[in-house]
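Just so you know, UniProt numbering puts 47 at position 47 of the sequence shown, and the rest follows in order with no gaps. Heads up: the structure comes next, in structure tokens.
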Amino acid sequence: MPPIWFPTGYRLTGADYLELLKTKITKKSGKSSYVFQQDGAPAHTCKALHMKFWPKTMWPPQSPDLNPLDFSFWWHVESQACRVRHSNVEDLKTSVEKKWKAMKRSYIINVCQAFRRRVGPSLRPKVAKFTMICVNVYIIYKIKFNVYDCT
């Protein structure tokens, strides 16, 4: 699933974000299980969202090392897309989308495995067996490679 772009100055509300999740993201994942990983942005912390999807306290605060999008994917896409100067925002968006789609299967697998290593130690005292994956990694896999986990 490529990035979703919003107009300059647009402020995403909790209601808009909930609708986005319902209409664009969860439909792509089918009936398979997944976990969303959110930061503390106001749109991500609204009550309706937590009642429908997950509790606000599910993830430790300030934990980018537990989020593959933060610790790897965005860095990878940005470093690739910004190697050249773009003359306008649309060219930059096109470059970002192209680099996002061009991510190699081996890279995604390596990131998933690194994610599991990062999560394991932090949750081992509470959870005997922990197998989950951030929704964006899952959707990339399902759509791009038609596989269902990172093994």
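Think of the CB as a built atom: it goes at the ideal place given N, C-alpha and C, for glycine as much as any other residue. These figures come from a predicted structure and were not determined experimentally.
Round the Cβ separation of L49 and G14 to the nearest angstrom and send it over; I've been treating them as touching at under 8 Å.
Here residue 49 corresponds to residue number 49 of the sequence shown, with the count starting at 1. Here residue 14 corresponds to residue number 14 of the sequence shown, with the count starting at 1. About 6 Å separates the two Cβ atoms, so the contact holds.
Nonlocal neighbours in the same chain, by C-beta distance under 6 Å from F115, ignoring five residues either side:
In the sequence shown, residue 115 corresponds to position 115, counting from 1. Listed in chain order, the non-local C-beta contacts of F115 below 6 Å within the same chain comprise P68, local neighbours out to five positions each way being set aside.
Alpha carbon to alpha carbon, how far is K98 from C82?
Numbered from its first residue, the sequence shown carries residue 98 at position 98. Numbered from its first residue, the sequence shown carries residue 82 at position 82. Each residue's Cα considered, the two are about 12 Å apart.
What do you get for V89, buried or exposed, if any count of 16 or more other CB atoms within 10 angstroms of its CB means buried?
Locating residue 89 in the sequence shown gives position 89, counting from the first residue. Under this definition V89 is an exposed residue.
Hey, could you find the ends of the alpha helix (DSSP H) T94 is sitting in?
The sequence position of residue 94 within the sequence shown is 94, counting from 1. Annotation for T94: the continuous alpha helix (DSSP H) segment containing it runs V89 to K101.
Cβ neighbour criterion (16 or more within 10 Å) applied to F6
Residue 6 sits at position 6 when you count from the first residue of the sequence shown. In summary, F6 is exposed, with fewer than 16 beta-carbon neighbours lying within 10 Å of its beta-carbon over all protein chains present.
Beta-carbon proximity of L18 to K52, cut-off 9 Å:
Within the sequence shown, the letter at position 18 stands for residue 18. Within the sequence shown, the letter at position 52 stands for residue 52. If you check the CB distance, L18 and K52 come in under 9 Å.
From the DSSP output, in three-state form, read off R85 for me.
Here residue 85 refers to the residue found at position 85 when the sequence shown is read from its first residue. Correct three-state label for R85: coil.
From the DSSP output, in three-state form, read off Q38 for me.
The residue given as residue 38 occupies position 38 in the sequence shown. The answer is coil: DSSP assigns Q38 none of H, G, I, E or B.
Among R85, K101 and R11, whose alpha-carbon lies nearest the alpha-carbon of V77?
As a working mapping, residue 77 is identified with position 77 in the sequence shown. Nearest to V77 by alpha-carbon distance, out of R85, K101 and R11, is K101.
Specify the secondary structure class of F6 as computed by DSSP and reduced to three states.
Mapped onto the sequence shown, residue 6 falls at position 6. Looking at F6 - three-state DSSP - the assignment turns out to be coil, as it is neither helix nor strand.
P42: CB within 8 Å of a non-hydrogen atom of the ligand HEM:
The model on display carries no ligand, and the ligand HEM is accordingly not part of it.
Three-state class that DSSP yields for L12 in the structure shown
By one-based count along the sequence shown, residue 12 stands at place 12. Reduced to three states, the DSSP call for L12 is coil.
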